[in-house]
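Trainee:
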Amino acid sequence: MIQLLDIRYVRLGTRDLGAADRFAREVVGLEAVRTDGGARYYRSDARDHTLVYFEGDPADHAVGFELRDREALDAAAAALSDAGVAVRHGSADDNEQRRVRDSVFFRDPSGNAIELVARAAHSGRRHFPSRDAGITGFSHIGLCSNDPKRDEAFWTGRLGARVSDRIGDAALLRIDPVHHKIALFPTTRSGVQHVNHQVASIDDVMRAWYFLQGRGVRIVFGPGRHPTSGAVFLYFEGPDGMVYEYSTGVRRIEPEDEAGHRPRQFPKAPESFCMWGAVPDIAEFRS
Ligand SMILES: [Fe+2]
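Numbering-wise, our numbering comes out as the position in the sequence shown, counting from 1, plus 456.
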């Protein structure tokens, strides 16, 4: 079985790199690391980078996950290939751009571009954000699914993810103790549905609420608390309609609780997304 150690990065295409760059630095509060080959790289924690904006189609998204080593990558490539999934090993250029030693690329059944990487670079420098948003790190993504039952089976059966809870047909999936690192939302498109950064405290969520309103950024959900993960959240709209989220206090399912964990089924209703009464203005969250 493939073991995804962690989510590593998200790569997003944009036609307006300047606007995306300003948003990443000045609004989200990420640290700009470098511009390389028409792409801009951002840090949010101790890793070399966790977000990339590149010049291209705004519908072109890719998500990177970390595997242990080259052997684990080769085994994953073989297992996916045996299952009929088209895989390709990253070129030297691909690996250099991503600051990883090895990589394998494929698409999940909904067409989402997934990249498995090994020996991804950490930074020797302390993370120094461009503003005090309280970000502690990139943590999870929402992923579009045009057949949630099929995609849940793929992510759990092929990639070793476990279901923590479900809202309607949307599965919240964990690959480590964090309640979810991937959430599969039923929709008709493919790509990344939202990008989450964890912040240190509820104070950071509320400070962001005032800060974003002051900057004229559209708030699309929250502040609120998810009854699933227990996290306090705020969702807002970024470039090209991408939804960004800050959250804090996400529940963990520790190794000793793994065996006894049973996913809870929540109905597809506003109160399943927010226990305080916030109503989402996000297509995939609407009832
Ligand atoms: Fe989220």
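Quick reminder that beta carbons are idealized off the backbone N, C-alpha and C, glycines included.
For A687, which residues in the same chain have their Cβ closer than 6 Å to its Cβ, ignoring the five residues on either side in sequence?
Mentor: So the qualifying residues of the chain are S703, G705, V706.
Trainee: Cα separation between M632 and R671?
Mentor: The identity of residue 632 in the sequence shown is Asp, whereas the question assumes Met. Distance between the alpha carbons of D632 and R671: 35 Å.
Trainee: Can you tell me whether T506 is buried or exposed, with buried defined as 16 or more other CB within 10 angstroms of its CB?
Mentor: Buried, by the Cβ-count rule.
Trainee: Taking only the alpha-carbon atoms, compute the straight-line gap between H578 and R503 and give it to the nearest angstrom.
Mentor: The alpha-carbon atoms of H578 and R503 are separated by roughly 4 Å.
Trainee: What's the gap between the Cα of K637 and the Cα of H653?
Mentor: Rounded to whole angstroms, K637 to H653 spans 11 Å at the Cα level.
Trainee: Excluding the 5 residues flanking F722 on each side, which residues of the same chain have their C-beta closer than 6 Å to its C-beta?
Mentor: Only I623, S728 meet the Cβ criterion.
Trainee: Under 9 Å, do D621 and S685 count as touching if we go by C-beta distance?
Mentor: Yes, these two residues count as a Cβ contact at 9 Å.
Trainee: Report all residues from its chain with a CB closer than 6 Å to the CB of H635; omit the five preceding and five following residues, and keep chain order.
Mentor: Hits under 6 Å: S620, S685, V706, R707.
Trainee: Taking Cβ to Cβ, would you say V508 is nearer than 9 Å to E571?
Mentor: No, they are not a contact pair.
Trainee: Since A574 and R614 are thought to touch, with beta carbons under 8 Å apart, how far apart are those beta carbons, to the nearest angstrom?
Mentor: The pair is not a contact, with the Cβ atoms about 18 Å apart (cut-off 8 Å).
Trainee: With which residues is N652 paired in a DSSP beta bridge?
Mentor: DSSP lists H596, E701 as partners of N652.
Trainee: Measure the Cβ-Cβ separation of L486 and S586 and say whether it is below 9 Å.
Mentor: Closer than 9 Å, so yes.
Trainee: So what's T612 in DSSP terms, helix, strand or just coil?
Mentor: In this structure, T612 counts as helix in the three-state DSSP scheme.
Trainee: Quick one, which of A739, P736, D696, P726 has its alpha-carbon nearest A480's?
Mentor: A480 has its Cα closest to that of D696, out of A739, P736, D696, P726.
Trainee: Of the residues P683, G494, V699, which one's Cα is nearest the Cα of G647?
Mentor: Residue V699 is the option with its Cα nearest to G647.
Trainee: Helix, strand or coil: how does DSSP classify S586 here?
Mentor: Coil, per DSSP.
Trainee: Return the CA-CA distance between R681 and P604, expressed in angstroms with no decimal places.
Mentor: Each residue's Cα considered, the two are about 24 Å apart.
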